[in-house]
Amino acid sequence: MTEERVEHLLAEVQDEFGVIRVLEVADYRFLEFGDAIEQSCVFTADPSWLEYDYTRAMLIGALCHEQPESALFLGLGAGTLTQACLKFLPLEDVEAIELRPDVPRLAIEYLGLDDDPRLYIRVGDALELLPTAEPADLIFVDLYTDVGPGVGHLAWSFLGDCQKRLNPGGWLVINQWATDDGKPLGAALLRGLYHRHYWELPVKEGNVILIVPADLDQALDMQALNQRAEALAPQLGYSLQSLINAIRPAT
Numbered sequence: 007m008t009e010e011r012v013e014h015l016l017a018e019v020q021d022e023f024g025v026i027r028v029l030e031v032a033d034y035r036f037l038e039f040g041d042a043i044e045q046s047c048v049f050t051a052d053p054s055w056l057e058y059d060y061t062r063a064m065l066i067g068a069l070c071h072e073q074p075e076s077a078l079f080l081g082l083g084a085g086t087l088t089q090a091c092l093k094f095l096p097l098e099d100v101e102a103i104e105l106r107p108d109v110p111r112l113a114i115e116y117l118g119l120d121d122d123p124r125l126y127i128r129v130g131d132a133l134e135l136l137p138t139a140e141p142a143d144l145i146f147v148d149l150y151t152d153v154g155p156g157v158g159h160l161a162w163s164f165l166g167d168c169q170k171r172l173n174p175g176g177w178l179v180i181n182q183w184a185t186d187d188g189k190p191l192g193a194a195l196l197r198g199l200y201h202r203h204y205w206e207l208p209v210k211e212g213n214v215i216l217i218v219p220a221d222l223d224q225a226l227d228m229q230a231l232n233q234r235a236e237a238l239a240p241q242l243g244y245s246l247q248s249l250i251n252a253i254r255p256a257t
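Everything in the sequence shown is counted per the numbering used here, starting at 7 for the first residue and increasing by one.
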């Protein structure tokens, strides 16, 4: 007989976009939007633990950079990926832009997001605030609502501007929905926009992580990526190898 899943509601707020909830189930806390649409999962004992493959795949995107000093997160959620990057990468400046004012507050209050002096959180629409963000070595796009990816995930000018905000040698990491054939949502748009020069990492949650370099001369050094991931594995507490093996060129 399986153990019954007991949910405890820790917080619930209503804003102009709908309902935000924080739930606790055993050793985990969940951030939910709308009608029980799970946005983030936090392992309470270690908020930098990445439970899901899509977050681990986004960390792999970050590891494509040899020595990232700055990062920009478009969409904060519970902040688990932000925490992991702050903990495991040599970052000095991190900016996060989050649409909903209650999300950072709940993340700090209930989901273990550290008040790290390197982290600067701004509230607002990433599509509007991107031009005022500092250029970064790493940019993460993860703009999800309770009904799926936000409009930015298919907005040609916005996705192009994200790439342009990268420092030379930087990487753009996009958490894209997968379509039924396993391709990223908007595959044709992405191929045109980035000149087919990016890599894809499909994950079992039904997402495809896109790893986009700052420019066309920049290649993905798989050997260096494998070495960095292997060196980090003891600290992470899990291996990224099987995910790295799934990286493919743009479809």
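Glycine included, every Cβ here is placed at the ideal spot set by N, Cα and C.
Remember, predicted model here, so these are calculated numbers, not experimental data.
Report all residues from its chain with a CB closer than 6 Å to the CB of Asp122; omit the five preceding and five following residues, and keep chain order.
Counting only Cβ-Cβ distances below 6 Å, and skipping sequence neighbours, we find Leu92.
If you follow the alpha helix (DSSP H) that Ile114 is part of, which residue opens it and which one closes it?
Unbroken alpha helix (DSSP H) run through Ile114: Asp108 to Tyr116.
On the premise that Val209 lies in contact with Ile215, defined as a C-beta separation below 8 Å, what is that separation, rounded to the nearest angstrom?
Between Val209 and Ile215 the Cβ distance is about 7 Å, and since that is below 8 Å, they are a contact.
Short check: CB of Glu104 to CB of Tyr126, under 7 Å?
When the beta-carbon positions are compared, Glu104 and Tyr126 stay at least 7 Å from each other.
Which residues in the same chain have their Cβ closer than 6 Å to the Cβ of Gly243, if we skip the five residues on either side of it in sequence?
Hits under 6 Å: none found.
Under 7 Å between C-beta atoms, does Tyr126 make it to chain B?
Going by chain labels, chain B is absent from the structure shown, which holds only one protein chain.
Is the CB-CB distance between Ala17 and Tyr116 below 7 Å?
Result yes, Cβ atoms of Ala17 and Tyr116 sit closer than 7 Å.
Assigned exposure category for Asp187 - 16 Cβ within 10 Å defines buried
Here Asp187 is exposed. Its C-beta has fewer than 16 other C-beta atoms within 10 Å.
Reduced DSSP secondary structure (H/G/I, E/B, other) of Pro240:
Reduced to three states, the DSSP call for Pro240 is helix.
Three-way DSSP call (helix, strand, coil) for Phe23 in this model:
For Phe23, the secondary structure class from DSSP, reduced to helix, strand or coil, is coil.
Pairwise C-alpha distance: Ser76 and Pro141
Put simply, the backbone Cα of Pro141 is about 8 Å away from that of Ser76.
Please list the terminal residues of the continuous alpha helix (DSSP H) segment that includes Arg62.
In the DSSP annotation of this structure, the continuous segment of the alpha helix (DSSP H) that includes Arg62 starts and ends at Asp59 to Leu69.
I'd like the span of the alpha helix (DSSP H) that includes Gly4, first residue to last.
Because the chain spans 7 through 257 in this model, residue 4 falls outside it and cannot be assessed.
So, are the CB atoms of Asn251 and Tyr60 less than 7 Å apart?
At the C-beta level, Asn251 and Tyr60 stay beyond 7 Å of one another.
Taking all protein chains shown into account, do 16 or more other C-beta atoms lie within 10 angstroms of the C-beta of Met228, making it buried, or fewer, making it exposed?
Under this definition Met228 is an exposed residue.
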